[in-house]
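K.L.:
According to the UniProt record's numbering, the sequence shown is numbered sequentially starting from 1.
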Amino acid sequence: MATRPAPRAGNGGGPNRTCQFKLVLLGESAVGKSSLVLRFVKGQFHEYQESTIGAAFLTQTICLEDTTVKFEIWDTAGQERYHSLAPMYYRGAQAAIVVYDITNQESFAKAKNWVKELQRQASPNIVIALAGNKADLASKRLVEYEEAQAYAEDNGLLFMETSAKSSMNVNDIFLAIAKKLPRSEAGGGPAGRGHGGINVGEESQATPKKSCCN
1 MATRPAPRAG NGGGPNRTCQ FKLVLLGESA VGKSSLVLRF VKGQFHEYQE
51 STIGAAFLTQ TICLEDTTVK FEIWDTAGQE RYHSLAPMYY RGAQAAIVVY
101 DITNQESFAK AKNWVKELQR QASPNIVIAL AGNKADLASK RLVEYEEAQA
151 YAEDNGLLFM ETSAKSSMNV NDIFLAIAKK LPRSEAGGGP AGRGHGGINV
201 GEESQATPKK SCCN
């Protein structure tokens, strides 16, 4: 399988330590969670993406100035019947991306519910990002940028509008999360090799394992 370079930030020397973080994606069905992950991890976009069953697991690294941040990504199913499984995936997560579709007002309301649930039940220091996906469909917009931005500011969330189709802000939102995570407190040791590439995990519906950086 061909790989593509991991996203980089800064102009410092090569990374000298690796930190591993568990990240979960939450949101209504069909808002583009799987498409965002596929674009971030493999640089691909499929116009017709099958719905996720349970959850899929993938990994990707981001190289910061002195650190390689490895994300263990759980892409959860958005259908209501899987909602009760969500705590199994966000429990112990250091980061979450809550996704809504800018052309679907109801998906924004559901995103707010996910944020409330994370604030109530997830780790106290979890970094939460709000992603307004399908920004390439701006002509069909039903959720205004300013409305979502104000909500994010009121709730201490990172916020970007994204497009898995055009790749707009996809790497940027993961990079913003990586920069906000407390690397000084994370686990991991010297990154002896392998930085600059990607490690793609197979899609799986296995029980999520705990991150080493809890």
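Even glycine gets a Cβ: it sits at the ideal position worked out from N, Cα and C. Bear in mind that the values here come from a model prediction, so they are computed numbers and not experimental data.
#1: Do you know whose CA, among I177, V170, G156, lies nearest K112's CA?
#2: Three Cβ pairs or more, each shorter than 8 Å: is that satisfied between the stretch 40-48 and the stretch 140-151?
#3: Quick one: grab the DSSP three-state call for N104.
#4: What whole-angstrom Cβ distance do T52 and I73 have, given they're in contact under 8 Å?
#5: Report yes if the CB atom of Q20 is closer than 8 Å to the CB atom of K70, and no otherwise.
#6: Which residues does DSSP pair with L26 in a beta bridge?
#7: Do three or more CB pairs link the stretch 92-104 to the stretch 60-69 at distances below 8 Å?
#8: Buried or exposed for T18, please, with buried defined as at least 16 other CB atoms from any protein chain shown within 10 angstroms of its CB.
P.N.:
Let me spell this out:
#1: Position 112 of the sequence shown, counting from 1, holds the residue named residue 112. Comparing Cα positions, the closest option is G156.
#2: no
#3: Along the sequence shown, one-based indexing puts residue 104 at 104. Residue state, collapsed to three classes: coil.
#4: Here the question's residue 52 lines up with position 52 in the sequence shown. Here the question's residue 73 lines up with position 73 in the sequence shown. No, T52 and I73 are not in contact; Cβ-Cβ is about 12 Å, not under 8 Å.
#5: Counting from one through the sequence shown, the residue named residue 20 turns up at place 20. Counting from one through the sequence shown, the residue named residue 70 turns up at place 70. Against a cut-off of 8 Å, the Cβ pair of K70 and Q20 comes out as a contact.
#6: As a first step, residue 26 must be located in the sequence shown, where it is residue number 26. Checking the DSSP bridge columns, you'll see L26 partnered with V98.
#7: They do not touch, by the three-pair rule.
#8: For this step, residue 18 is matched to residue 18 along the sequence shown. T18 comes out buried.
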